[in-house]
Structure formats: structure tokens, C-alpha cells
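Visitor:
Numbering (my numbering), first residue to last: 382 to 564.
Here it is in C-alpha cells:
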């Protein structure tokens with residue numbers, strides 16, 4: 382186990398449905414999630430809403446990934462640092478949601494990066510960057526099982542190739558984290 386997280390991060394989290402609703406409500410007000418507000422971030426958010434709607438209908442979890450997800454027997458929570466304007470999150474968070482929907486032992490909890498700097502700063506990419514989305518999987522004792530941020534090669538892919546690559550990267554972590562000594 383790497384770290385033990387504070388339960389406050391779960392209290393600040395929201396479901397995928399609440400996340401999508403929040404993004405939509407903010408857009409109606411001419412706002413984006415996060416502390417920075419700009420027309421550029423609003424444009425990203427509008428595009429991301431359409432991307433997530435499309436992916437929610439089209440995502441197909443591979444049989445290999447589904448088998449690994451179903452093999453998880455002990456409860457865990459996938460805490461994801463994200464923002465509605467993040468283009469990578471628009472492609473990755475729907476895949477994580479689809480994966481979590483396969484097994485009732487996995488809860489998805491989305492937290493906004495800019496509202497949780499203390500958590501984000503524990504998971505900087507290369508020790509300096511607040512890259513999102515960032516997945517932190519914890520067990521029922523809030524002990525970290527693994528953490529993940531998409532590799533640069535995944536971020537460059539498009540369409541089905543991207544969703545499959547996300548699943549492959551996570552499957553490698555799941556194979557390790559579902560071993561008997563960790564669950």
C-alpha cells in the first residue's frame with residue numbers, strides 16, 4: 382500500500398451522473414468547473430459535453446477488461462481528480478464510469494481538481510504537473526491500491542483505439558491490484 386487517504390475526499394466526491402449534471406448547469410450559467418474562467422474553457426466544456434454523451438452510448442468494454450472487473454471481490458472506490466473542461470477527462474471518465482458499472486464492488490467518486498489542491502498535490506505527474514484526470518483506487522480502509530493517469534501515447538489516440546488503450550493500461554494495474562494479498 383502506498384498511501385492512506387482522508388475520508389474527506391470521498392465526502393467531496395460525486396457520482397458520474399452528478400458530475401455531468403454539474404457541468405451542464407454551469408454551462409447554462411456561462412461557467413466552467415474550476416477556478417479559472419475563460420471563453421476557451423467554455424468552448425472545451427461544450428465540446429466535452431458532446432463527447433461524453435457520445436461515449437456514454439458507444440463505449441464497449443472488452444471481454445478481458447470485463448472479466449478483470451468482475452473478479453474484484455472486495456469493495457474499492459475509484460477517486461478521480463477531474464474538471465469539466467479537460468479534454469482528456471471527457472474521453473477517460475466515461476470509460477472509467479462504464480468499467481465501474483460492471484461491478485457493484487467498485488464505486489466511482491469524482492472530485493474537482495481545483496477544489497482539492499491538497500489531494501492533487503499528492504499525485505503530481507512527474508512531481509510537478511497537475512495533470513488530470515488522475516485515478517486513485519482505494520480499499521475500504523482508504524488505503525491506496527493503485528493510481529493512474531493516462532500515458533501520453535493513450536492521450537494521442539482517437540475513438541475506439543483510445544477507449545481500448547485506456548482499458549489495457551488499467552487492466553495491467555487491475556491484474557496486480559486484484560491479487561489475493563491486495564484485496
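Note that CB positions come from ideal geometry on N, CA and C, so glycine has one too.
Would you tell me roughly how many angstroms separate the C-alpha atoms of residue 489 and residue 396, rounded to the nearest one?
Guide: So the two alpha carbons sit approximately 6 Å from each other.
Visitor: Which residues share a DSSP beta bridge with residue 520?
Guide: Per DSSP, 457.
Visitor: Closer than 7 Å to a non-hydrogen atom of the ligand GTP - does that hold for the CB of residue 547?
Guide: Absence of the ligand GTP from the depicted structure is noted, as is the absence of any ligand whatsoever, leaving it without description.
Visitor: Specify whether the stretch 495–513 and the stretch 435–455 touch according to this definition: at least 3 beta carbon pairs, one from each stretch, less than 8 Å apart.
Guide: The stretch 495–513 vs the stretch 435–455: no contact.
Visitor: Among 418, 430, 450, which one has its Cα closest to the Cα of residue 469?
Guide: Of 418, 430, 450, the residue nearest in Cα terms is 430.
Visitor: Here's a check: name, in chain order, each residue in its chain whose Cβ is nearer than 8 Å to the Cβ of residue 561, leaving out the five neighbours to either side.
Guide: Residue confidence is low: residue 561 scores 47 on pLDDT, short of 50, so the model does not pin down where it sits. No coordinate-derived value is stated.
Visitor: Look up residue 416 in the DSSP assignment and say whether it is helix, strand or coil.
Guide: Coil at residue 416, not helix or strand.
Visitor: If you draw a straight line from the alpha carbon of residue 394 to that of residue 550, how long is it in whole angstroms?
Guide: Roughly 24 Å separates the two Cα atoms.
Visitor: Measure the beta-carbon distance from residue 520 to residue 435 and round it to whole angstroms, keeping in mind my assumption that it falls under 8 Å.
Guide: About 33 Å; that fails the 8 Å criterion.
Visitor: Which residues in the same chain as residue 382 place their Cβ atom closer than 7 Å to its Cβ, once the five residues preceding and following it in sequence are excluded?
Guide: In this prediction, residue 382 scores a pLDDT of 45, lower than 50, which makes its location untrustworthy; no coordinate-derived value is stated.
Visitor: Opposite residue 385 in the DSSP bridges: which residues?
Guide: According to DSSP, which records beta bridges pairwise, residue 385 is partnered with 524.
Visitor: What is the rounded straight-line gap between the Cα of residue 563 and the Cα of residue 514?
Guide: Low per-residue confidence applies at residue 563: pLDDT is 44, beneath 50, and the placement is therefore not dependable enough to give any value.
Visitor: Work out the CA separation of residue 508 and residue 415 for me, nearest whole Å.
Guide: Taking the straight line from one Cα to the other gives about 21 Å.
Visitor: Given a cut-off of 8 Å on the beta-carbon distance, is the pair residue 424 and residue 464 in contact?
Guide: Not in contact: residue 424 and residue 464 (Cβ atoms no closer than 8 Å).
Visitor: Quickly, what does DSSP pair residue 506 with across the bridge? List them, please.
Guide: In DSSP, residue 506 forms a bridge with 510.
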